[in-house]
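First the structure, in the form of structure tokens, and then the observations on it.
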Amino acid sequence: MYRKMRGLSRCLVVSALFLMPLLGVRAEERLRVVATTTQAADLVRAIGGERVALTALMSGGVDPHQYKPTASDIAAMNAAQAVIYSGLNLEGQFEKVFEALGQRMVRTYALSEPVLQAGFLLEEAHGVLDPHFWFDPRNWMLAAEGLAELLAELDAPNAAFYRANAAAYSAQLEALYGWAHSALTDSAIPEAKRVLITSHDAFRYFGDAFGWRVRGIQGISTVAEASVSDIQAVAELLAAEGIEVIFIESSVPRATVEAVIAAARARGVEVRLGVRALYSDAMGDPDKFGGTYLEMIVHNVITILQSFGYKVPPLPARLALSLPEDFQAR
Ligand SMILES: [Zn+2]
Numbered sequence: 011m012y013r014k015m016r017g018l019s020r021c022l023v024v025s026a027l028f029l030m031p032l033l034g035v036r037a038e039e040r041l042r043v044v045a046t047t048t049q050a051a052d053l054v055r056a057i058g059g060e061r062v063a064l065t066a067l068m069s070g071g072v073d074p075h076q077y078k079p080t081a082s083d084i085a086a087m088n089a090a091q092a093v094i095y096s097g098l099n100l101e102g103q104f105e106k107v108f109e110a111l112g113q114r115m116v117r118t119y120a121l122s123e124p125v126l127q128a129g130f131l132l133e134e135a136h137g138v139l140d141p142h143f144w145f146d147p148r149n150w151m152l153a154a155e156g157l158a159e160l161l162a163e164l165d166a167p168n169a170a171f172y173r174a175n176a177a178a179y180s181a182q183l184e185a186l187y188g189w190a191h192s193a194l195t196d197s198a199i200p201e202a203k204r205v206l207i208t209s210h211d212a213f214r215y216f217g218d219a220f221g222w223r224v225r226g227i228q229g230i231s232t233v234a235e236a237s238v239s240d241i242q243a244v245a246e247l248l249a250a251e252g253i254e255v256i257f258i259e260s261s262v263p264r265a266t267v268e269a270v271i272a273a274a275r276a277r278g279v280e281v282r283l284g285v286r287a288l289y290s291d292a293m294g295d296p297d298k299f300g301g302t303y304l305e306m307i308v309h310n311v312i313t314i315l316q317s318f319g320y321k322v323p324p325l326p327a328r329l330a331l332s333l334p335e336d337f338q339a340r
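In our numbering, the protein residues as written are 11 to 340.
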């Protein structure tokens, strides 16, 4: 009996030691990290977990092309060990702040950097690199691995933790990519009809990854306003190719999309809005479906399929997502 109890108590001590990290990391041991966009913040959560004290600057629905850092954003960045941003001039109003941070020895890291190194960035017509690289989940895997390496460097004793998180998350991204690719290239969708028209040119990587042609009313930034000729050109495309659906983006005002619908109608073509707005440069709020990267891609793919009346295949179990009722496979 005595021996048995001693065995049991030793067993309890051992499991208590194993459980200790799960009881929470003390605040002063956490890495202080700031993330600019909603996507960047989500990736920091996925890879850094409870070992990171995260300050997320932009909330759901905020346009990062236009967002200007506030005084409290700048204070948070100055106090951080690392600032994680998307890059390629997506956060166009942050340039001066990033320069100043460099002089203060705050580490800044662009999630686009490993994608650039791998040579997977798309060039825009004028030689400018398209910043919306996250819309190909295979690019997001590179970003996840790059972020894990950065956190491993800043917090070497926990390097294995960050790398294990990146490996698990990459496996989910792989499953996401496979599901989205087979959903959007299903033989029921005629190739000529695989055309995605949205407010601005945020979906070129998405189209590249999943075999759809894309066209934005505005270019790759929302800073320059759409001109009358942009609106007419898209209306002409809709009419010429018989495309029946156009999508609003959650972070871009809907006025230009409505102008295109009116211009198409003037040509005798009825175009309808997608059943929901797509998430493009900002994800949804955390309490909505679309508040994480995985949910955002699933949200967009299902919204596209439902808007055209195509079948929604069941989600891979590995994604561990439960769909709201109006998204469910039918
Ligand atoms: Zn954009």
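Cβ atoms here follow ideal geometry from the backbone N, Cα and C, with glycine treated the same way.
Between ligand 1 and the CB of A212, the shortest heavy atom gap is smaller than 7 Å. DSSP places F337 in the helix class (H, G or I) of the three-state scheme. The shortest C-alpha to C-alpha distance from A178 to any of G58, G319, S317 and P263 is the one to G58. For G129, there is no enclosing alpha helix (DSSP H), as DSSP gives it neither H nor E.
Rounded to the nearest whole angstrom, the C-alpha separation of D83 and L41 is 17 Å. Shown here, S209 sits in a strand according to DSSP, grouped into three states. Fewer than three beta-carbon pairs drawn from the segment 295-308 and the segment 271-284 are found closer than 8 Å, and the two stretches are therefore not classed as touching.
Selection A330, R328 and N310 evaluated against V322 yields N310 as nearest (Cα-Cα). In chain order, G221 place their CB closer than 6 Å to the CB of T195, counting only its own chain and leaving out the 5 sequence neighbours on each side.
In the DSSP assignment, R223 forms a beta bridge with V205. Under the DSSP assignment, V270 falls in the alpha helix (DSSP H) whose first and last residues are A265 to A276. The residue from Q316, L121, A212 and E109 with its alpha-carbon nearest to that of V285 is Q316.
Taken in chain order, the whole beta strand (DSSP E) runs of length 3 or more contained in the segment 28-113 are 41-45, 62-66 and 92-95.
For A120, the pairing in a beta bridge is given by DSSP as Y95. Taking C-beta atoms as the reference points, G71 and S290 fail to come closer than 8 Å. Short of 7 Å from the beta carbon of W150, and not among the five residues preceding or following it, lie these beta carbons of its own chain, in chain order: W144, L183 and Y303.
In the three-state DSSP reduction, E134 falls in the coil class, being neither helix nor strand. With contacts defined as CB atoms closer than 8 Å, M68 and A292 qualify as a contacting pair. Nearest to R148 by C-alpha distance, out of G226, G129, F171 and L139, is G129.
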